Each structure stands twice: as C-alpha cells, then as structure tokens.
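Note sheet for the following structure.
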Amino acid sequence: MGKIMIEDYSTKDMKAPIVKKEFTLPDGWTMVEKRGRWCVRDLNGKLHKFSSKNEAKKYIEEKS
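The working numbering numbers the first residue of the sequence shown as 931 and each following residue consecutively.
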C-alpha cells in the first residue's frame, strides 16, 4: 500500500517567493507623517516635506 502512494504522488514545481526589499532609515534620519504630509529630517537637522511617502523614501535613498 505504501508503494502505491509513493508512485501516485507527483511533485509541484516550487518557486521561491518574491522578497521585497524592506526600507530602513539611515542612522540620524527621521521620517514622520504630520497632517497628511511626510516630513523628513536629515543628518544636519534640516526639515524636508513631501506629499507622499514614496517621494520621501526616494529622497532619502538619493541623499544617503
């Protein structure tokens, strides 16, 4: 009986899951949402404001 089950078993093609790169802030940077605007403070303490979170992330990646 065990031999029949092994012969009937067919394997699936397993694909690795797509892993998204998780965003992390560099040391000394802060990012918060205030009243619908995303505020980013850089290493020098200068405040930059963005209308979307994606724009803020893009700016941080470019500058760091």
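Even for Gly, the Cβ is constructed at its ideal location relative to N, Cα and C. Everything numeric in this text was worked out from a predicted model, so none of it was measured.
Secondary structure of residue i, DSSP reduced to three states
{"i": "GLU952", "result": "coil"}
{"i": "LYS964", "result": "strand"}
{"i": "LYS979", "result": "strand"}
Closest by C-alpha distance to residue i, when choosing among the options
{"i": "PHE980", "options": "GLY958, ARG967 and LEU955", "result": "ARG967"}
{"i": "GLU985", "options": "VAL970, MET944 and VAL949", "result": "VAL970"}
Sequence-distant residues of its chain with Cβ nearer than 6 Å to residue i (five each side left out)
{"i": "LEU973", "result": "GLY958"}
Presumed contact (8 Å Cβ cut-off) between residue i and residue j, rounded CB distance
{"i": "SER982", "j": "PRO956", "result": "SER982 to PRO956, Cβ: 20 Å. No contact."}
{"i": "LYS987", "j": "PHE953", "result": "6 Å"}
Same chain only: Cβ atoms within 8 Å of residue i, ignoring 5 sequence neighbours per side
{"i": "LYS951", "result": "none"}
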